[in-house]
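A short write-up of the structure that comes next.
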Amino acid sequence: MSEQLPEVLESVFREIPNLVFEQQGPRRLRVKLRADALPALLELLKGRAGYLHLSAISCVDWPQLNEFELVYHLWSYEVKNLVSAHIYIPKKPGRYVSVYDLYIPAAFFERDIHEMFGVFFEGSPSMEPFILTEWYGPPPMLKSFSTLGYVEETFGWQEYSPEWLSSVNSVQ
Amino acid sequence: MTTSQTISIKSDPSTDIACRTVDQKERSLLRKVIDRIADRCRSRSLFILHYCTGCGAIELPPTITSRFDSERLGIQPMVTPRQADILLITGYLSIKTLKRVILSYEQMPGPKYVIGMGSCTINGGMYWHSYATIKRLQEYLPVDMYMAGCMPRPEAIQQGFLQLIDNIDKGRANAWQEYYCNYDYYLGNQQALFGPDWHTPTDVIAEAQHYQLFSENTLGEHTALLAKFASEYVTQPIPTKVLQREEIVE
Ligand code: SF4
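Below, the structure written as structure tokens:
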């Protein structure tokens, strides 16, 4: 597998302890590492391998593990390779450090994750409400949030019971 | 500071279905004939404000342009609410876009017609269990017509347009009057989503008086919350009861 791995990346990965990676395609690398090592990895990738583009940070809620998974997607215009760095943080207290000082666009991604999942990023410039309007409920993307329950409470349904429908139902 | 007139609210038995006071002159035959002619003229030239945040918007270009050519029916697109007759909602509305729709709707001059296009406006469509989209459009705006389908094809939209033209022609498309007659109901539903501080720059209550559509349901507990936004420029007619209550608080 590692025969396709560019040399710069190999030298970067060697510096991070407990790092596991998996080649998912000619231009895709999935990297798993300890949460506290992520800022170091990003700094190395940016400095040595030209990973200047943080295209997204995504978050996954794992209710059984009681953990959040954060995925940092990075692209290098030199190596032409996408690195997805996966870390796990405990749900409580649900805090992590911001990477805003390395990647300015992280401010938006972190603010979005804070709004949708409730993860707090220390050092992020703004953790204020972002795109939800008039939202007073819990973070809506959590698995524990029941969208249907919320809808039933907030909205009403249209009545629709035409005659033909009752005749269909009575046949069954 | 508040230059508001007070209105005595009492139900008047001499009103018709549209809550208009029955005016002998208005009831005259000549008046009816004029109304019929006006309705007919109106139905021949309609401008749509297409509110295209839903995916159904993709069916509008073929409907309006040369393929199906709704201009044959006298229906043309218009880009501003103040020059439009029809507000065409082409699909799901999130709570955020609903706000903008209401602002646009209130700027349109009467008579105005609202078409809810696609299942999303009827019952949430495939977003039925989404926390962010509204389910029934007619709770927030009076809707003249729904076009079911996800999304309705241009033929169905044309059919709907023809039906609306017919309704206008026959004087049956009067949903817009509901907004003024029952403003308190609509405002209440809007406040339930946007919070008690929700208000629009349009002076709907004054407009209701202007159109002679002021009724006992125009004002109520929900419109009373608008009192704190009345200003020199927006004259919200405040019922005396509310004014007295405010004075007591101060
Ligand atoms: S009804 Fe269907 S096509 Fe229309 S907005 Fe909803 S999902 Fe999209």
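Here the protein sequences come in this chain order: X and U. For the first sequence, this note's numbering begins at 1 and goes up steadily by one. For the second sequence, this note's numbering begins at 1001 and goes up steadily by one. No residue lacks a Cβ here, since even glycine has one placed at the ideal position from N, Cα and C. Values in this document were obtained by computation on a predicted structure and should not be read as measured data.
Burial state of residue i, where buried means 16 or more other Cβ atoms lie within 10 Å
| i | result |
| --- | --- |
| X:GLY25 | exposed |
| X:VAL168 | exposed |
| U:LYS1112 | buried |
| X:ARG111 | buried |
| X:ARG14 | exposed |
| U:MET1001 | Here the model assigns U:MET1001 a pLDDT of 42, short of 50, so the residue's position is not dependable, and the following value carries that caveat. Flag for U:MET1001 reads exposed. |
| U:GLN1005 | At U:GLN1005, the pLDDT of 49 sits below 50, so the modelled position is not reliable and the matter cannot be decided from this model. |
| U:LYS1170 | exposed |
| X:SER84 | buried |
| U:LYS1251 | As shown, chain U starts at 1001 and ends at 1250. That puts residue 1251 of chain U outside it, with no answer to give. |
| X:GLU115 | buried |
| U:GLU1173 | It is Ala, not Glu, that sits at residue 1173 of chain U in the sequence shown. With 16 or more Cβ atoms within 10 Å of its Cβ, U:ALA1173 is classed as buried. |
| X:ASP61 | buried |
| X:GLU22 | exposed |
| U:ILE1037 | exposed |
| U:GLN1190 | buried |
| X:VAL171 | exposed |
| U:ASP1144 | buried |
| U:CYS1120 | buried |
| U:GLU1139 | buried |
| U:VAL1064 | Just to set this straight, residue 1064 of chain U is Ile in the shown sequence, not Val. Result: buried. |
| U:ALA1221 | The displayed chain sequence assigns Glu, not Ala, to residue 1221 of chain U. Exposed is the call here. |
| U:VAL1033 | exposed |
| X:VAL20 | exposed |
| U:SER1043 | buried |
| U:HIS1285 | Residue 1285 of chain U falls outside the range modelled here, since chain U spans only 1001 to 1250, and no answer is possible. |
| U:SER1045 | exposed |
| X:TYR136 | exposed |
Within-8 Å CB hit, residue i to chain U
| i | result |
| --- | --- |
| X:VAL20 | no |
| X:GLN23 | no |
| X:GLN4 | no |
| X:MET1 | Note that X:MET1 scores a pLDDT of 46, beneath 50, so its modelled location is shaky; the value from the coordinates is reported in the next line. No - not a single Cβ of chain U is within 8 Å of the one on X:MET1. |
| X:HIS33 | First, the amino acid is wrong: residue 33 of chain X is Leu here, not His. It does not; no Cβ of chain U falls within 8 Å. |
| X:LEU148 | yes |
Min CB distance residue i to chain X below 8 Å
| i | result |
| --- | --- |
| U:SER1008 | Note on U:SER1008: pLDDT 47, under 50, position unreliable in the model; the coordinate value appears next. With 8 Å as the cut-off, U:SER1008 does not count as an interface residue toward chain X. |
| U:ARG943 | Any answer about residue 943 of chain U is impossible in this case: the structure gives chain U only from 1001 up to 1250. |
| U:THR1002 | For U:THR1002, the predicted structure reports a pLDDT of 45, less than 50, and the residue's modelled location is therefore unreliable. The matter cannot be settled from this model. |
Cβ pair residue i, residue j closer than 8 Å
| i | j | result |
| --- | --- | --- |
| U:PRO1142 | U:GLY1118 | no |
| X:LEU33 | X:LEU41 | yes |
| X:ALA106 | X:VAL97 | no |
| U:ILE1205 | U:TYR1183 | yes |
| X:ILE87 | X:ALA49 | no |
| X:ASN66 | X:PRO90 | yes |
| U:THR1200 | U:ILE1048 | no |
| U:GLY1160 | U:LEU1137 | no |
| U:SER1104 | U:LEU1087 | yes |
| X:ASN81 | X:LEU44 | no |
| U:ASP1039 | U:ILE1168 | yes |
| X:TRP75 | X:SER58 | no |
| U:THR1218 | U:ALA1208 | yes |
| X:GLY118 | X:LEU102 | no |
| U:PRO1062 | U:PRO1196 | no |
| U:GLN1107 | U:THR1202 | yes |
Minimum Cβ-Cβ distance from residue i to chain A less than 8 Å
| i | result |
| --- | --- |
| X:LEU42 | Note that chain A does not occur in the displayed structure, where the protein chains are X and U. |
- prompt: Is the segment 1170 to 1177 of chain U close to the segment 1079 to 1092 of chain U, with three or more CB pairs under 8 Å?
  reply: no
query: Below 8 Å, can you find three or more Cβ-Cβ pairs linking the segment 1065 to 1080 of chain U to the segment 1111 to 1124 of chain U?
result: no
query: Looking at chain U, which residues of the segment 130 to 146 of chain X have a Cβ within less than 7 Å of any of its Cβ atoms?
result: From the segment 130 to 146 of chain X, only THR133, GLU134 and PRO140 have a Cβ closer than 7 Å to chain U.
field: Contact residues within the segment 1123 to 1134 of chain U, judged by C-beta distance below 8 Å to chain X
entry: ASN1123, GLY1124, TRP1128, HIS1129, SER1130, TYR1131, ALA1132 and ILE1134
message: Against chain U, which members of the segment 150 to 168 of chain X pass a CB distance test of less than 7 Å?
response: TYR150, VAL151, PHE155, GLY156, TRP157 and GLN158
task: Pull out every residue of the segment 1192 to 1208 of chain U whose Cβ sits closer than 7 Å to any Cβ of chain X, in chain order.
output: Taking 7 Å as the Cβ-Cβ cut-off against chain X, the residues of the segment 1192 to 1208 of chain U that qualify are LEU1193, PHE1194 and GLY1195.
query: Going along the chain, which residues of the segment 1161 to 1176 of chain U sit with their C-beta nearer than 8 Å to a C-beta in chain X?
result: none
field: Residues of the segment 1092 to 1119 of chain U whose Cβ lies closer than 7 Å to any Cβ of chain X, in chain order
entry: Contacts with chain X (Cβ-Cβ distance below 7 Å) from the segment 1092 to 1119 of chain U involve ILE1095 and LYS1096, listed in chain order.
- request: Count the CB pairs spanning the segment 159 to 166 of chain X and the segment 1132 to 1140 of chain U that are closer than 8 Å, and state whether there are at least three.
  value: no
- request: Could you tell me whether the segment 141 to 149 of chain X touches the segment 67 to 80 of chain X, where touching means 3 or more Cβ pairs closer than 8 Å?
  value: Too few Cβ pairs lie closer than 8 Å, so no.
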